[in-house]
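Asker: Once you've had a glance at the structure underneath, I'll fire off some questions.
2 protein chains.
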Amino acid sequence: MAEKATDVIDSGAKLLLVQELLKTEQHQELIDFFSDQSEYEIASLLESFPKPERLELWALVPLELKGEVLAEVDADIRSALMADIPADEIGVMAEDLDAQDIAEILDNATSEVRAAVIDGLDHATRMQVSKLASYDADVVGSYMDPEVVFVDQSLTLEQVQLLMRSDEDLLDDQAQELLVIDETGQLLGLLSLVDIIKFDQSMLVSEHIDTAIKVLDTMPIRDAAALIRAEDFRFAPVVTSEGTLVGQLNAEDILSIVRDDADSTLKHLSGVSDDEELFAPILRSAKSRSFWLGINLLTAFLAAFVIGRFELVLSQVVALAVLMPVVASMGGIAGSQTLTVVIRGLAMNQIGGSNRSWLFNKELWVGAINGAIWAIVVAIVSYLWFDSGAIAIVIGCAIVINMTVANVAGIAIPLTLKEMNIDPALSASVILTTVTDVVGFLSFLGLASLLILN
Amino acid sequence: MAEKATDVIDSGAKLLLVQELLKTEQHQELIDFFSDQSEYEIASLLESFPKPERLELWALVPLELKGEVLAEVDADIRSALMADIPADEIGVMAEDLDAQDIAEILDNATSEVRAAVIDGLDHATRMQVSKLASYDADVVGSYMDPEVVFVDQSLTLEQVQLLMRSDEDLLDDQAQELLVIDETGQLLGLLSLVDIIKFDQSMLVSEHIDTAIKVLDTMPIRDAAALIRAEDFRFAPVVTSEGTLVGQLNAEDILSIVRDDADSTLKHLSGVSDDEELFAPILRSAKSRSFWLGINLLTAFLAAFVIGRFELVLSQVVALAVLMPVVASMGGIAGSQTLTVVIRGLAMNQIGGSNRSWLFNKELWVGAINGAIWAIVVAIVSYLWFDSGAIAIVIGCAIVINMTVANVAGIAIPLTLKEMNIDPALSASVILTTVTDVVGFLSFLGLASLLILN
């Protein structure tokens with residue numbers, strides 16, 4: 000089979016090519032180009048255009064690819080793409096998809112679309128789709144592939160080969176292992192395709208069973224992903240609490256969870272909502288960012304209120320107003336350095352039990368040591384600038400206090416949120432900034448009131 | 000084969016268990032526990048302890064697992080673990096590892112260790128290791144598995160089966176596809192194990208070749224990872240520019256790149272260096288965080304310098320000192336929201352060509368609209384607080400200006416850095432804060448000087 004003409008083109012170059020073809024209205028070339036691309040690549044390209052161009056391109060995606068592309072795009076974009084298509088046409092698109100893709104599409108479909116899609120399915124697929132839909136969104140059951148292929152341990156390797164030859168659709172090309180069950184239907188483990196081929200054909204399946212790490216269908220998907228990664232398995236069989244085999248969880252599904260999780264931590268730390276999409280319309284983006292801007296405003300006014308308590312000393316020593324952002328800013332950076340390291344450690348399950356107090360102690364000292372070093376630098380610069388020993392001492396002390404508190408807060412806040420079952424990435428950042436601003440202004444202006452006001 | 004006793008224990012519970020066993024000095028239990036764990040799990044557990052405990056645990060890891068664990072832990076931790084072991088013992092540990100793991104271990108080994116490890120290798124592995132070491136660290140060549148198994152297209156499926164049966168070590172259990180070459184050694188594509196089994200055994204390999212997406216050995220690893228993900232392949236053959244097959248790149252390697260990349264973006268945005276490890280000793284962490292604290296101090300003093308230009312108006316209207324952090328803070332959050340969305344888009348290759356101007360325009364309007372809304376809120380609160388229309392007008396205008404500039408800077412900075420081949424995540428955050436602080440203070444105090452000073 001020939002290589003694809005598109006082999007050498009990277010995603011960046013593909014984006015430029017599609018922009019060019021769209022601008023010059025070379026519609027047939029776009030159709031040809033899309034037919035050569037995977038559903039992932041097409042989904043990513045559609046996501047790289049503002050809505051009007053996206054709908055134009057969508058009309059040029061070959062019909063036989065549309066179903067898989069729909070299953071792949073972000074949920075927000077999917078609804079928009081589906082809005083313009085008659086329900087029965089979506090039903091046709093979905094006909095050849097597997098249960099996982101169909102469940103994805105139905106997830107945010109109208110009831111009319113839902114009926115059209117389900118009508119077009121054969122009995123087996125319909126059962127699988129309703130099985131997937133019966134699970135909560137964040138557990139293994141809703142991510143698994145419900146189509147599993149299993150063999151009885153009492154067969155010979157040759158019999159397994161004949162079985163596979165008798166049904167072409169039994170395994171797809173990417174399969175690499177079969178699940179092995181005993182006569183009661185209990186899962187025993189795995190049989191690799193390599194073993195089926197390479198050993199004496201009269202040997203029994205039972206002689207070549209590899210251990211399978213099973214996951215429960217109701218296990219949180221993130222725990223399952225961590226487990227599979229930890230064990231370096233490409234998939235894991237999924238069982239119910241009664242031990243019934245109901246599906247398998249594949250490494251590809253975990254790849255997207257790893258990516259989504261990382262994305263979501265990054266977005267949460269910067270106050271961007273999960274569903275904010277790069278090419279979302281102006282008003283929608285403005286709206287989705289408003290929530291954290293509002294929260295931030297409350298904390299900014301809290302900091303302003305703290306400053307307001309010290310109007311007297313500020314009006315007498317204007318240098319304090321000039322220097323106070325330095326104190327808050329150093330605390331902010333120090334705290335967010337700690338916060339990042341701790342949130343990453345929590346995500347990797349590396350923080351727990353007795354190492355928490357070790358980490359508290361460590362962050363306290365890192366804060367105090369770096370605080371002391373930068374306090375000296377800031378004190379010297381301030382002294383040279385304002386020619387005042389009192390200001391130099393006050394700002395130096397305030398920096399040590401704020402950076403030490405910032406580091407301890409950088410670990411205390413995410414651990415407390417985690418304890419309360421709140422996503423630390425989502426709110427830790429804004430709480431931390433509040434702490435470092437308030438402590439920064441309070442210590443700096445408070446000490447100044449005590450030492451300078453007379 | 001029996002299931003493992005540890006099947007049901009998640010990573011968090013394992014950490015607590017190991018802490019408990021270590022504390023109560025149940026060394027034999029720890030050895031037994033470790034023998035049941037994968038190298039990934041052991042590596043993650045070792046990374047979850049401060050150095051003294053880590054070395055204690057390391058001594059209890061069964062010798063036959065130590066090599067693989069070494070290859071798995073973070074580079075920093077690896078050096079520390081290796082420091083206490085005689086070179087020839089490391090040589091023994093490495094003997095059974097594959098070329099990829101050995102290359103990993105040699106990456107930061109002393110010359111003595113290097114000699115001991117290389118001495119213990121057979122000729123083939125030694126050639127593979129030196130091949131891997133000949134590539135730059137960030138290209139496909141240094142990540143690939145140099146051990147590839149290929150078959151000639153002119154064989155029958157039955158001959159392939161016999162070939163596999165004749166050499167037990169030819170394929171490991173996890174293999175799922177063979178590479179197919181023609182008589183000149185040119186790569187033609189892939190042959191799946193499923194196809195070997197399921198079709199008539201007299202058919203030729205050439206009738207069942209699947210297209211292979213090849214990657215160049217000198218291609219940046221991140222581009223290759225994006226490509227493989229886009230095509231949903233579990234591995235890709237690696238070829239030189241002359242077309243010679245030199246290895247294959249597996250999905251597992253990409254999983255860790257996806258994770259490392261996400262980690263590194265997160266760390267860079269918060270000013271934490273890539274090699275900062277959660278349980279690093281106090282002084283090392285303090286040192287590794289100093290760089291960005293220092294950079295931040297420079298920008299904080301730049302902001303202070305801007306404030307210093309307005310001492311006159313500050314000394315007359317102390318309310319300005321109270322309110323000025325609000326202006327800077329709102330700009331900072333608005334800018335970092337944009338920055339996050341843009342850096343994610345860049346990482347996914349979704350920004351380029353004509354959509355850049357669309358995004359600039361979008362961010363300008365999102366900034367202006369949100370700026371206007373929050374300006375009104377802030378102006379009203381400020382008016383009620385200080386009973387001054389002039390202050391309300393000044394702060395409202397400053398918020399609109401700063402939030403609009405912040406949003407535009409949030410896209411302009413990462414795009415410019417990318418254009419200059421600098422990692423946007425690494426420096427964009429500190430440049431953005433400088434912009435929002437300077438513009439915030441300048442617009443607020445500047446407008447105040449014009450409107451209020453008289």
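These protein sequence lines map, in sequence, to chains A and B. So the first sequence is numbered by numbering that gives the first Met the number 0: it starts at 0 and just counts up by one. So the second sequence is numbered by numbering that gives the first Met the number 0: it starts at 0 and just counts up by one. Glycine residues also receive a C-beta, built at the ideal position from the N, C-alpha and C atoms.
CB-CB under 8 Å to B:Phe304, same chain, minus the five flanking residues each way: which ones, in chain order?
Answerer: none
Asker: Rounded to a whole number of angstroms, what is the C-alpha to C-alpha distance between A:Thr5 and A:Ala279?
Answerer: Unreliable placement is indicated for A:Thr5, whose pLDDT of 43 sits below 50; no coordinate value is reported for it.
Asker: For A:Met126, count neighbouring Cβ atoms within 10 angstroms of its own Cβ and tell me buried if that reaches 16, exposed if not.
Answerer: exposed
Asker: Mind checking which residues open and close the alpha helix (DSSP H) that includes B:Asp436?
Answerer: It spans 423-450 - the alpha helix (DSSP H) in which B:Asp436 sits, taken as one unbroken run.
Asker: If I'm right that A:Glu46 touches A:Asp73 with Cβ under 8 Å, what's the distance once you round it to whole angstroms?
Answerer: Correct: roughly 6 Å between the Cβ atoms.
Asker: Using Cβ-Cβ distances below 8 Å, what residues of the segment 362-379 of chain A are close to chain B?
Answerer: Trp364, Val365, Ile368, Asn369, Ile372, Trp373, Val376, Val377
Asker: Cβ of A:Gly184 less than 7 Å from any chain B Cβ?
Answerer: no
Asker: Under a three-way DSSP split, which group does A:Leu244 fall into?
Answerer: strand
Asker: Is B:Val237 helix, strand or coil when you go by DSSP?
Answerer: strand
Asker: Does A:Met0 get closer than 7 Å to chain B when you measure Cβ to Cβ?
Answerer: Caution applies to A:Met0, whose pLDDT of 32 falls short of 50 and renders its modelled position unreliable; the model cannot decide the point.
Asker: What's the gap between the Cα of A:Leu277 and the Cα of B:Leu358?
Answerer: Cα to Cα, A:Leu277 sits roughly 8 Å from B:Leu358.
Asker: Going by other Cβ atoms of all chains shown within 10 Å of its Cβ, with 16 needed for buried, is A:Asn420 buried or exposed?
Answerer: exposed
Asker: Just grab the DSSP bridge partners of A:Asp144 for me.
Answerer: A:Gln247
Asker: With the cut-off set at 7 Å, would you say B:Leu161 and B:Gln175 are in Cβ contact?
Answerer: Judged by beta-carbon spacing, B:Gln175 lies beyond the 7 Å limit of B:Leu161, meaning their Cβ atoms are not closer than that value.
Asker: Can you pull the DSSP bridge partners for B:Ile101?
Answerer: DSSP output for B:Ile101 lists no bridge partner at all.
Asker: Give me the Cα-Cα distance between A:Leu431 and A:Leu96, rounded to the nearest whole angstrom.
Answerer: Each residue's alpha carbon lies about 46 Å from the other.
Asker: Within 10 angstroms of the Cβ of B:Phe300, are there 16 or more other Cβ atoms? Answer buried if so, exposed if not.
Answerer: buried
Asker: Please go through the same chain and pick out, in chain order, the residues whose beta-carbon is closer than 8 Å to the beta-carbon of A:Gln247, but skip the five residues on each side of it.
Answerer: Met143, Asp144, Val147, Leu178, Phe234, Ala235, Pro236, Val237
Asker: Please report how far the alpha carbon of B:Asn107 lies from the alpha carbon of B:Asp83, in whole angstroms.
Answerer: 15 Å
Asker: Output yes if chain A places a C-beta closer than 7 Å to the C-beta of B:Asn107; else output no.
Answerer: no
Asker: So, for B:Val527: in the same chain, excluding its five sequence neighbours on each side, which residues have a beta-carbon less than 6 Å away from its beta-carbon?
Answerer: Here chain B covers residues 0 to 453 and nothing more, so residue 527 of chain B does not appear.
Asker: Compare the C-beta of A:Thr339 against all C-beta atoms of chain B and say whether one is closer than 7 Å.
Answerer: Yes, because at least one Cβ of chain B sits closer than 7 Å to the Cβ of A:Thr339.
Asker: DSSP beta-bridge partners for A:Val407?
Answerer: DSSP output for A:Val407 lists no bridge partner at all.
Asker: Which whole-angstrom value describes the C-beta separation of B:Ala263 and B:Phe290, a residue pair presumed to lie in contact below a C-beta threshold of 8 Å?
Answerer: The amino acid at residue 263 of chain B is misidentified as Ala; the sequence shows Ser. So it is not a contact: roughly 15 Å between Cβ atoms.
Asker: Would you list, in chain order, the members of the segment 283-313 of chain A that have their beta-carbon closer than 7 Å to a beta-carbon of chain B?
Answerer: Ser284, Ala285, Arg288, Ser289, Trp291, Leu292, Asn295, Leu296, Ala299, Phe300, Ala302, Ala303, Ile306, Gly307, Glu310, Leu313
Asker: With a 10 Å radius around its C-beta and 16 neighbouring C-beta atoms as the bar for buried, classify B:Lys3 as buried or exposed.
Answerer: No answer about B:Lys3 holds up, because its pLDDT of 40 lies below 50 and its placement is not dependable.
Asker: Using a C-beta cutoff of 7 Å, does B:Ile281 count as contacting chain A?
Answerer: For B:Ile281, the closest Cβ of chain A is nearer than 7 Å.
Asker: Just to confirm the assignment: which complete alpha helix (DSSP H) runs, minimum length 4, are found wholly within the segment 2-57 of chain B?
Answerer: 10-22, 26-34, 38-46, 50-57
Asker: Got a sec? Which residues, its chain only, sit under 6 Å from A:Val341 by beta carbon, not counting five neighbours each side?
Answerer: Ile410, Pro413
Asker: Going by the CB atoms, is the gap between B:Asp216 and B:Thr239 shorter than 7 Å?
Answerer: yes
Asker: From A:Thr109, A:Leu292, A:Leu449, pick the residue whose C-alpha is nearest to that of B:Gly334; which is it?
Answerer: Nearest to B:Gly334 by alpha-carbon distance, out of A:Thr109, A:Leu292, A:Leu449, is A:Leu292.
Asker: Is it the case that the segment 31-43 of chain A contacts the segment 54-62 of chain A, given that we only count it when at least three CB pairs across the two stretches are under 8 Å?
Answerer: yes
Asker: For A:Val112 and A:Ala70, I'd like the C-alpha separation in whole angstroms.
Answerer: For A:Val112 and A:Ala70, the distance between alpha carbons rounds to 14 Å.
Asker: For the alpha helix (DSSP H) holding A:Val457, just list the boundary residues, first then last.
Answerer: Lying outside 0 to 453, the shown extent of chain A, residue 457 of chain A is not represented and no answer is given.
Asker: Using a C-beta cutoff of 7 Å, does B:Gly352 count as contacting chain A?
Answerer: yes
Asker: Identify, in the order they occur along the chain, each residue of the same chain with its Cβ nearer than 6 Å to the Cβ of A:Ala389, setting aside the five sequence neighbours on each side.
Answerer: Answer for A:Ala389: Leu450, Ile451, listed in chain order.
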